[in-house]
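Protein chains: 2
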Amino acid sequence: MRAVVISTGDELTTGRTVDTNANYLADQLVGVGVDVVSMLVVGDYPERIAWAWRTALEQADLIICTGGLGPTADDLTTETVARVAGRELVMDTAVADRIRQMFAAIGRIMPENNLKQALFPSGAIIVPNALGTAPGFRLEIATAHGSCHCVVLPGVPREMKAMLAEQVLPWLGELRRGSDEYRSHTFQTFGISESALDELVAGAVDAADGRVAFRAAFPQISLRVTVHAPPRDVEARLTAAAAKLRERLGGYCYGEGNTTMEAAVGELLARSGATIAVAESCTGGLIGHRLTDVPGSSAYVLADVVAYTNAVKQSVLGVPAATLEQHGAVSCEVAEEMARGVRRLVGSTIGLATTGIAGPDGGTPEKPVGTVCVALDSAGATRSRRYQLWGTRDWVKLLTSQIALDWVRRTQLGEDPTESAILKR
Amino acid sequence: MRAVVISTGDELTTGRTVDTNANYLADQLVGVGVDVVSMLVVGDYPERIAWAWRTALEQADLIICTGGLGPTADDLTTETVARVAGRELVMDTAVADRIRQMFAAIGRIMPENNLKQALFPSGAIIVPNALGTAPGFRLEIATAHGSCHCVVLPGVPREMKAMLAEQVLPWLGELRRGSDEYRSHTFQTFGISESALDELVAGAVDAADGRVAFRAAFPQISLRVTVHAPPRDVEARLTAAAAKLRERLGGYCYGEGNTTMEAAVGELLARSGATIAVAESCTGGLIGHRLTDVPGSSAYVLADVVAYTNAVKQSVLGVPAATLEQHGAVSCEVAEEMARGVRRLVGSTIGLATTGIAGPDGGTPEKPVGTVCVALDSAGATRSRRYQLWGTRDWVKLLTSQIALDWVRRTQLGEDPTESAILKR
């Protein structure tokens, strides 16, 4: 099956926004065995959108298009697709009612232009959008080479991703039933570079048994193995290939499938009945934010104190003035006091702390930008380590939060985190 | 001038790598007034690369293509372009000598396939590559509509960027001297839906005077006006169009250009010499994280206490047990106590607090998921308001953080935030 991915939006062709939707779609399509022949990006002009569709229809059995489904005058996808396909636009009353209800529920009068989102090309099958007002749709369009399955989704990534996972990929699975299947399994890793990971797993899976691909979405790197086989064999082959990789990856793998580091940490904490409190300086709340992104995290997250000044480190966390004076705020000694202090303050099983220089200013020759210290305090032991990280402010924050969360994971697994988290540029 | 950007590489069409080159090129081209008509991405197959070039030549006066210039078998761009353009491949002896010298300089024998990088279509003008072995080239190709200027650059971002800045953009500036320019201005808004924003600015700028586009990157929505005019008029016309929009947008606009809400808030705090402390419950650290993403935020962020349990709300923030019992943790009364408590704890000018039910669990008929309370305490006044938000856990957190930051902004501007931040789906 040959697919073309179309992305629309002036923000893409003017360079304001990186087109991550096309990348995400390509990744997901390749995962189910679809060959992405090309990706086309055009701005919000009817003739350019029409051009992209005509061009794609020459090449593809499957088109997935994102963007241009909103209520405003520059949302042109639906009417353009209808024109290219030679279909009328038809108002779907159920969708129109839902949009009216959404406005009524918040006590507002609906601007009339919202009803545009209830218009679809005749023959289209609606793809509901649980997270926004604009539904997508599917449509089969006759082409010179037969016919092409077309899917139109909103450009808002979270809406697009949910609709893809819950509705489009299952439909695509049905469509492709009986043909050889592609099935894949993903491992999430941290603490090892992409090239070192490549070396680590080299030869684990024969090319004939599966294709291994890496995807760096820093700070984690995911590794995916894809098996291509008849439906009756595919599951067993995937299990075998995944087992070989799992063995090689060892502790670098913090989760399988689409899990996140914070979810992996949360599962370990919940399972052991442990609770955590965080004291953050350079990460500024990011660790707390990540921990509390996990549903049910109130079972183990007690508190997070962002102590952005020395005064707060002293008054709230009880870091001794002498420690601050002697070693400076960015030191293992202060990180340890912060971890102990926050644990004492709220009575948690674990106290986790970060302090560092996220930049762009504040660096010195002894402690350049990117110097960070992580500490973890739990019954009977306080551990800390200094790291020299790199990159921009947001990157230093993100990487520090990832290291700190990995410390909790390693500690819960009974390992010494100061030894395991070796970072390579 | 109409441009098409072509990116080649299997890593792009399989979703392994996000195509940041096309984004970068589009941004740079728009900056010098070139209209990017489309962006095409294809994998490393000769027929697909040829297809992309033929397709681009139908549309463009300018093609910029990246990728496929290396020494290996899957580097196919140069030979494919030569074939599409009907040119012979010619060895450039100066380039061949340089490649030989680069290998000699590091004491290695040059694999013969490296000489492939010294082959160019006849008539091409070489674009030297100071940072790598593969030079790029320029070529003018005759088309049905006249001729097309073509530029081929390596896919390695740092090489591509240096060659673009030092050689391609200056050449392009010469080529376009005196022709019309595109210039744009962006407004960032919050507290108004995309459709209501569309109505608010409708008719403010005539189609002939500028093109208005919306982009929802929730929770903010940006609006951009683009003016297309001769070089001598473009600045004045943009200023005039932006002024009309600014007047319509009023307080919904929190910043212009690429600013964020947290940067806008930070600028106001820094300017007035105010300091802030945050007490978060449902947002779990996100407000602190966002505030501290701004370089220099240590000048006004004192602390953030994430009080995820009632015990911590009492012991650290001093919320009275009676208030918690009587009104529940998710209430305006508790939010106000949290705001006062954190302000008192660290002595900040402003205390900001959130409490709510982010979901997916924890809702009740009286306080369903999405119920959140925001409070702000400053000298002489404590204000609070309850909101009924919607969506998933991460969305409730994000939207609450945006409302809370907008409260700080509105307060710093002397407005009553409880009246102004009216949210629409």
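Residue numbers (the numbering used here), protein chains in the order written: chain A, 1 to 425; chain B, 1001 to 1425. Glycine residues also receive a C-beta, built at the ideal position from the N, C-alpha and C atoms. In this text, all values refer to a predicted model and were calculated from it rather than measured experimentally.
Straight-line Cα distance separating residue j from residue i
| i | j | result |
| --- | --- | --- |
| threonine 1020 (chain B) | valine 18 (chain A) | 6 Å |
| leucine 76 (chain A) | isoleucine 106 (chain A) | 27 Å |
| asparagine 1113 (chain B) | glycine 1155 (chain B) | 18 Å |
| alanine 1381 (chain B) | aspartate 1416 (chain B) | 11 Å |
| valine 1460 (chain B) | isoleucine 1006 (chain B) | The question about residue 1460 (chain B) has no answer, for chain B in this structure spans 1001 to 1425. |
| threonine 1133 (chain B) | leucine 1089 (chain B) | 18 Å |
| serine 1184 (chain B) | arginine 1237 (chain B) | 10 Å |
| valine 1234 (chain B) | glutamine 1220 (chain B) | 28 Å |
| glutamate 194 (chain A) | alanine 1022 (chain B) | 23 Å |
| leucine 426 (chain A) | isoleucine 141 (chain A) | No statement about residue 426 (chain A) is possible, as the shown extent of chain A runs from 1 to 425 and does not include it. |
| cysteine 253 (chain A) | aspartate 198 (chain A) | 14 Å |
| glutamine 412 (chain A) | leucine 269 (chain A) | 7 Å |
Chain B residues whose Cβ lies nearer than 8 Å to that of residue i
| i | result |
| --- | --- |
| tyrosine 24 (chain A) | Gly1015 |
| alanine 279 (chain A) | Residues of chain B passing the Cβ test: none, with the nearest at roughly 11 Å. |
| proline 230 (chain A) | None at all; the shortest Cβ gap to chain B is about 23 Å. |
| alanine 52 (chain A) | Ser1038 |
Three-state class that DSSP yields for residue i in the structure shown
| i | result |
| --- | --- |
| histidine 327 (chain A) | helix |
| methionine 1 (chain A) | coil |
| glutamate 1166 (chain B) | helix |
| serine 1179 (chain B) | coil |
| proline 219 (chain A) | coil |
| glycine 266 (chain A) | helix |
| tyrosine 1254 (chain B) | strand |
| arginine 224 (chain A) | strand |
| histidine 289 (chain A) | helix |
| aspartate 35 (chain A) | strand |
| cysteine 1332 (chain B) | helix |
| threonine 143 (chain A) | strand |
| phenylalanine 103 (chain A) | helix |
| isoleucine 49 (chain A) | helix |
Residue i beta carbon near the ligand COA (any heavy atom closer than 7 Å)
| i | result |
| --- | --- |
| lysine 1313 (chain B) | Ligands displayed in this structure: none; no statement on the ligand COA is therefore possible. |
Under 7 Å by beta carbon: chain B residues contacting residue i
| i | result |
| --- | --- |
| glycine 439 (chain A) | What is shown of chain A runs 1 to 425, which leaves residue 439 (chain A) out entirely. |
| glutamate 166 (chain A) | Simply none; closest approach about 13 Å. |
| arginine 48 (chain A) | Val1037 and Ser1038 |
| leucine 431 (chain A) | With chain A covering 1 to 425 only, the question about residue 431 (chain A) has no answer from this structure. |
| proline 135 (chain A) | Simply none; closest approach about 15 Å. |
| serine 298 (chain A) | Tyr1308 |
| threonine 55 (chain A) | Thr1055 |
Contacts of residue i in chain A (Cβ-Cβ under 9 Å)
| i | result |
| --- | --- |
| leucine 1324 (chain B) | Residues of chain A passing the Cβ test: none, with the nearest at roughly 15 Å. |
Nearest residue (CA-CA) to residue i, options the options
| i | options | result |
| --- | --- | --- |
| leucine 119 (chain A) | A:Asp206, A:Pro111 and A:Gly136 | A:Gly136 |
| alanine 1358 (chain B) | B:Lys1397, B:Leu1062 and B:Val1346 | B:Lys1397 |
| threonine 1014 (chain B) | A:Val334, A:Val42, A:Val32 and A:Glu11 | A:Val32 |
| alanine 56 (chain A) | B:Leu1223, B:Val1042 and B:Leu1345 | B:Val1042 |
| proline 1368 (chain B) | B:Ala1375, B:Tyr1387 and B:Val1374 | B:Tyr1387 |
| isoleucine 126 (chain A) | A:Cys148, A:Phe103, A:Val152 and A:Arg108 | A:Val152 |
| alanine 1094 (chain B) | B:Leu1115, B:Glu1199 and B:Ile1109 | B:Leu1115 |
| aspartate 361 (chain A) | A:Met338, A:Ala353 and A:Thr392 | A:Thr392 |
| threonine 1189 (chain B) | B:Pro1170, B:Val1168 and B:Phe1214 | B:Phe1214 |
| alanine 73 (chain A) | B:Gly1203, B:Ala1335 and B:Ala1241 | B:Gly1203 |
| histidine 994 (chain B) | B:Leu1413, B:Arg1176 and B:Met1001 | Look at the range of chain B in this structure, 1001 to 1425, and you will see that residue 994 (chain B) is not part of it. |
| isoleucine 63 (chain A) | A:Val4, A:Ala321 and A:Arg383 | A:Val4 |
| glutamine 59 (chain A) | B:Lys1313, B:Glu1047 and B:Thr1275 | B:Glu1047 |
| glycine 1123 (chain B) | B:Ala1240, B:Ala1096, B:Met1091 and B:Trp1395 | B:Met1091 |
Where residue i meets chain B, residues with beta-carbon distance less than 9 Å
| i | result |
| --- | --- |
| arginine 215 (chain A) | Gly1015, Arg1016 and Thr1017 |
| valine 301 (chain A) | Gly1284, Val1306, Tyr1308 and Thr1309 |
| glutamate 336 (chain A) | Within 9 Å Cβ-Cβ: nothing; glutamate 336 (chain A) doesn't reach chain B, min ~20 Å. |
Below-8 Å beta-carbon distance, residue i vs any chain A residue
| i | result |
| --- | --- |
| glutamate 1419 (chain B) | no |
| alanine 1243 (chain B) | no |
| valine 1227 (chain B) | no |
| valine 1205 (chain B) | no |
| aspartate 1198 (chain B) | yes |
| methionine 1001 (chain B) | no |
Within chain A, the residues that residue i reaches when beta carbons sit closer than 7 Å
| i | result |
| --- | --- |
| leucine 1040 (chain B) | Ser38 and Leu40 |
Interface flag, residue i vs chain B, CB-CB below 8 Å
| i | result |
| --- | --- |
| aspartate 440 (chain A) | Outside the displayed span of chain A (1 to 425) sits residue 440 (chain A), for which this structure offers no information. |
| threonine 72 (chain A) | yes |
| asparagine 436 (chain A) | Any answer about residue 436 (chain A) is impossible in this case: the structure gives chain A only from 1 up to 425. |
Partner residues on chain A for residue i, Cβ-Cβ distance less than 8 Å
| i | result |
| --- | --- |
| arginine 1393 (chain B) | Asp293 and Pro295 |
| serine 1331 (chain B) | Residues of chain A passing the Cβ test: none, with the nearest at roughly 17 Å. |
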